[in-house]
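Quick note, the sequences are listed as chains A and B, same order.
Taken in order, the first sequence gives residues 1 to 484; the numbers are from this note's numbering.
Taken in order, the second sequence gives residues 485 to 822; the numbers are from this note's numbering.
The beta carbon of each residue, even a glycine, is placed where N, CA and C say it ideally should be.
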Amino acid sequence: MADIILPKMGDAMEEGRIVQWLKNVGDAVKAGEPVVEIETDKSNVEVEAEESGFLQKINTQPGELAPVGAVIAVIGAEAPSADASSAPAPAPAAEAPKAEPKAAAAPAESGKSNGTGPKVPEETAPKAAPEENPSGASQPVMVTRAEGWKPFDSFVGALPENLGGTASVIGEPIAVSGGSAGSERLKATPVARAMAQANNLDLARLKGSGPDGGIVKADVEAALSSGANFATAPAAASTAPATAPASSVSVSAAEGDEVVEYNAMRRTIARRLTESKQTIPHFYVTSEIDMQAYLDLREQINASAGEGQGKVSVTDMLVKACAVALVENPVVNSVFSDNTRITRKSVNIGVAVAIADGLIVPVVKNCENKSLRAIAKETRPLIERARENKLKPDEYTGGTFTISNLGQYDVENFAAIINPGEAAILAVSSVREVPAVVDGQIVPRKRMKVTLCADHRVMDGVAGAIFLQSLKRVIENPLQILAG
Amino acid sequence: MAKIRYTDALTLALQEEMDRDESVFIIGEEVGQYLGTLQVTKGFLEKYGKNRVVDTPISEVGIIGTGIGAAMAGLRPVCEMMRMDFALPAYDQIAQHAAKIRYMFGGQFKVPMVIRGPSGVVNQLSAQHSQALEALFCHCPGLKVVVPATPADAKGLLKSAIRDDNPVVVLEALKIQFQKVDWWEEIQEGLSEVPDDPDFYPELGKAKVLREGTDVTLVGYSTMTTTNLRAAKLLEKDGISAEVVDLRTLLPLDMATPLASIKKTHRAVVVQEQWGLYGCAAEISAQIAERAFYDLDAPVQRVTGAFVPMPYSRALETLAYPNENDVVAAAKRTLYGK
């Protein structure tokens with residue numbers, strides 16, 4: 001079957017009039033033989049048959065107008081049946097779609113159509129589709145792109161395969177060799193990166209919803225509005241009272257109020273401690289420790305120190321005392337992670353140091369293997385550098401337990417917030433002279449309260465209490481500090 | 485404001501400028517006795533006479549060359565190309581002479597001329613008569629290139645081109661030139677409205693936001709601007725708010741308008757009917773990447789014609805030509821399949 005279509009004979013031609021048919025229905029026609037004469041705005045033109053066969057049907061009668069592209073007649077391989085030849089000319093629009101495709105016989109029932117016509121099977125598009133799709137100007141073009149068909153914007157750099165070239169596709173990822181496997185770069189869109197940087201978010205902690213798990217703007221917006229902690233920046237630890245939450249609650253300032261824009265450290269403190277307090281179930285155990293022997297020992301040590309040997313501070317002794325107690329109670333020197341408890345091999349004790357508008361926690365590593373003197377020697381410069389804001393990252397990370405000491409400020413007792421990544425923090429208050437009952441007598445004694453703030457996922461109350469018993473025993477019998 | 489067709493807007497622009505300025509004249513093939521191949525200059529010969537409506541032999545080199553000389557001598561020629569494809573025989577005149585004379589003569593001469601004609605892919609005119617060649621003209625320093633998308637700009641920008649003291653190529657959108665007023669109004673209310681003011685001639689080099697949106701910016705020009713407006717309507721049904729930027733002129737190129745839009749939407753689709761490879765969308769996409777990188781939430785998408793000589797077959801032509809569904813698909817790619 002072949003359609004005879006009203007051809008477009010010029011730029012402006014929209015329709016043509018049939019002057020006369022040179023063949024009648026049922027006549028044999030040869031390819032190249034004139035079949036019909038058409039009147040255009042410039043001249044009359046004869047239209048030739050494209051295939052040999054029999055003129056089966058005439059859709060547009062002499063004198064009638066037809067739009068460019070309309071099927072005005074049909075040529076078939078066989079002579080038409082009697083009733084077909086006698087039938088009056090049907091409307092072209094109604095008839096055109098019936099023309100049968102040849103190769104792409106089933107214009108794909110499968111696959112979705114975009115609504116402009118039958119489907120071109122994927123493997124044949126675009127090669128086979130076009131010819132087989134009859135098109136009348138009065139109808140939408142009978143071509144749609146099959147599922148998987150690369151859009152027309154596909155062909156860059158070369159002709160499509162069916163025209164002798166190799167197609168490449170704009171926007172398709174191009175595999176590039178080289179680059180070490182396993183060193184995966186974090187995928188994030190530029191605007192997502194810019195927003196994360198502006199908001200001090202750590203992109204590595206976000207989940208990406210883009211291609212290949214890439215982080216897109218929507219992911220950053222979701223993270224910001226969730227109020228959860230995705231902060232960048234290294235450890236900052238805790239001392240009570242907790243700093244302002246990082247969440248999205250916003251409060252307007254009244255006239256005359258001072259508004260201070262947070263620096264990176266304050267923002268980190270806000271985020272990390274909010275996360276800690278919100279995600280770690282804290283519990284608190286307080287104990288009162290007699291400090292007389294401890295203070296006496298310190299005085300003895302410092303009084304008898306040799307030339308060039310630095311002094312030992314209350315904090316140094318506290319660090320070593322905690323190390324001894326932690327070795328006895330390894331559960332406190334642990335951390336919770338994904339329903340597991342990781343007990344740390346070394347005892348790395350952080351000492352919270354207040355600095356201008358913030359705090360930082362230098363860490364004394366491997367305290368279990370160091371003498372009191374060694375700890376003292378190491379701690380002093382660490383704290384000094386912390387105050388000068390000169391700590392290197394490995395000097396404030398890797399802690400397994402933290403001491404927060406407000407002893408200088410005449411504090412009776414307080415609670416702290418666990419530094420994320422650890423299981424407990426010890427809140428140390430002032431040494432105070434208080435009335436105490438010793439051997440049935442009320443006597444003035446130097447006493448200090450400590451509060452263990454612990455992660456209930458790592459240990460229960462009893463374990464916390466037993467740790468404090470150990471600590472109390474060590475401090476009240478301070479030779480243990482030297483022996484440990 | 486009158487609602488008129490694009491093609492009538494072109495006629496009005498020529499008429500108003502010829503009425504206003506006696507130095508304006510028309511030269512081309514079949515512009516006079518044949519009334520213009522597309523009848524843009526219908527009635528002009530009668531009204532303005534054969535000195536101002538000049539029929540020429542079939543020689544584009546002659547048309548442009550005559551135009552350049554006339555322009556240098558103080559007239560304002562409007563050279564009509566029956567189709568912009570036919571400007572190629574005169575490409576030497578355009579690129580080497582029209583574009584460069586002002587520079588080569590140190591500003592002693594200027595070339596205030598217009599080269600105008602229908603351009604772009606049109607129904608089944610096939611490989612040699614159905615193509616978009618704007619990139620060729622955009623690659624010539626010294627030219628201005630105007631690509632009106634609406635009847636208002638067809639009139640206004642053609643008038644601006646005639647009044648400009650430089651050679652200006654005006655590429656008219658043949659595919660939509662004869663669309664009726666209703667067709668325009670269906671795409672967007674008021675889209676066929678043309679200011680009556682004979683002194684309405686917008687500045688060349690100013691893009692325009694034709695539709696506001698928040699999720700993705702569709703950048704286009706000429707016929708593709710109407711495609712983008714239709715795509716924006718389809719996207720709206722899917723809950724995606726698309727902003728449509730019409731560039732209006734390619735030289736000078738106003739990037740400030742699309743960049744401001746992209747800063748807001750963070751996503752861009754650049755649409756053109758010409759071949760993608762080394763096309764105008766490539767330049768625009770590169771500038772977006774250079775100047776708005778940190779605002780982007782997705783790679784810039786291009787929607788362009790296939791890199792093939794335009795096939796005659798209607799079906800193949802449809803496959804090779806970008807439509808609103810392709811723009812919708814590209815926009816959704818920038819939204820990661822939303």
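Buried or exposed for residue i, please, with buried defined as at least 16 other CB atoms from any protein chain shown within 10 angstroms of its CB.
| i | result |
| --- | --- |
| S238 of chain A | Confidence at S238 of chain A is low in this model, with a pLDDT of 40, below 50, so its placement is unreliable and the value that follows should be read with caution. S238 of chain A comes out buried. |
| P806 of chain B | buried |
| W357 of chain A | Going by the sequence as given, residue 357 of chain A is Asp instead of Trp. It counts as exposed. |
| S371 of chain A | exposed |
| S337 of chain A | exposed |
| P160 of chain A | Because the pLDDT at P160 of chain A is just 45, under 50, the model does not fix this residue reliably, and the point stays unresolved. |
| K639 of chain B | buried |
| Q612 of chain B | exposed |
| S304 of chain A | exposed |
| L617 of chain B | buried |
| S543 of chain B | exposed |
| I660 of chain B | buried |
| D681 of chain B | exposed |
| K112 of chain A | In this prediction, K112 of chain A has a pLDDT of 37, which is less than 50 and means its spatial position is unreliable; nothing more can be read from the coordinates. |
| T698 of chain B | exposed |
| F414 of chain A | buried |
| K320 of chain A | buried |
| A636 of chain B | buried |
| D3 of chain A | buried |
| D666 of chain B | exposed |
| F589 of chain B | exposed |
| P478 of chain A | buried |
| I425 of chain A | buried |
From the options, pick the residue whose C-alpha is nearest to that of residue i; which is it?
| i | options | result |
| --- | --- | --- |
| T274 of chain A | A:T189, A:N419, A:L372 and A:L206 | A:N419 |
| K187 of chain A | A:N199, A:A198, A:N200 and A:L206 | A:L206 |
| G546 of chain B | B:G723, B:Y575, B:H750 and B:P686 | B:Y575 |
| R798 of chain B | A:T60, A:P7 and A:D410 | A:P7 |
| A454 of chain A | A:P444, A:Y294, A:R445 and A:T400 | A:T400 |
| G308 of chain A | A:V353, A:A70, A:K377 and A:V220 | A:K377 |
| N366 of chain A | A:I375, A:E15 and A:L359 | A:I375 |
| R473 of chain A | A:I360, A:I425, A:V364 and A:D290 | A:D290 |
| R786 of chain B | B:R732, B:Y796, B:W759 and B:P793 | B:W759 |
| K390 of chain A | A:T340, A:G440 and A:P362 | A:P362 |
| A31 of chain A | A:G53, A:G398, A:V19 and A:I5 | A:G53 |
| K816 of chain B | B:T701, B:A765 and B:S706 | B:T701 |
| V753 of chain B | B:G512, B:H581 and B:L780 | B:L780 |
| R555 of chain B | B:N650, B:K747, B:G516 and B:L734 | The residue you asked about is not Arg; residue 555 of chain B is Ala in the sequence shown. Of B:N650, B:K747, B:G516 and B:L734, the residue nearest in Cα terms is B:N650. |
| A765 of chain B | B:H750, B:P795, B:V703 and B:L743 | B:V703 |
| P330 of chain A | A:E39, A:V29 and A:S470 | A:S470 |
| T550 of chain B | B:M597, B:A804, B:R751 and B:R732 | B:M597 |
| P686 of chain B | B:W667, B:D666, B:Q672 and B:R647 | B:R647 |
Is the beta carbon of residue i less than 9 angstroms from the beta carbon of residue j?
| i | j | result |
| --- | --- | --- |
| V335 of chain A | E422 of chain A | yes |
| I349 of chain A | I403 of chain A | yes |
| V653 of chain B | K628 of chain B | yes |
| V630 of chain B | A645 of chain B | yes |
| T315 of chain A | V450 of chain A | no |
| F467 of chain A | L452 of chain A | yes |
| A852 of chain B | L642 of chain B | In this structure chain B extends from 485 to 822, so residue 852 of chain B is not present and cannot be described. |
| E757 of chain B | Q608 of chain B | no |
| Y705 of chain B | A633 of chain B | yes |
| Q771 of chain B | L731 of chain B | no |
| L55 of chain A | N24 of chain A | yes |
| G16 of chain A | I38 of chain A | yes |
Could you check how far apart the C-beta atoms of residue i and residue j are, in whole angstroms? I think they sit under 8 angstroms.
| i | j | result |
| --- | --- | --- |
| I599 of chain B | C563 of chain B | 5 angstroms |
| P190 of chain A | Y778 of chain B | 5 angstroms |
| E368 of chain A | V347 of chain A | 4 angstroms |
| M1 of chain A | G76 of chain A | 5 angstroms |
| F283 of chain A | G461 of chain A | 6 angstroms |
| V71 of chain A | I5 of chain A | 6 angstroms |
So, do the region 674 to 687 of chain B and the region 513 to 529 of chain B have three or more beta carbon pairs nearer to each other than 8 angstroms?
-> Between the region 674 to 687 of chain B and the region 513 to 529 of chain B there are fewer than three inter-stretch CB-CB distances shorter than 8 angstroms, so the stretches are not counted as touching.
Indicate whether the contact test is met: 3 or more Cβ pairs, each with one atom in the region 492 to 509 of chain B and one in the region 551 to 566 of chain B, closer than 8 angstroms.
-> Here the region 492 to 509 of chain B lies against the region 551 to 566 of chain B, with 3 or more beta-carbon pairs under 8 angstroms apart.
At a cut of 8 angstroms, does the region 712 to 725 of chain B reach the region 810 to 817 of chain B through at least three beta carbon pairs?
-> yes
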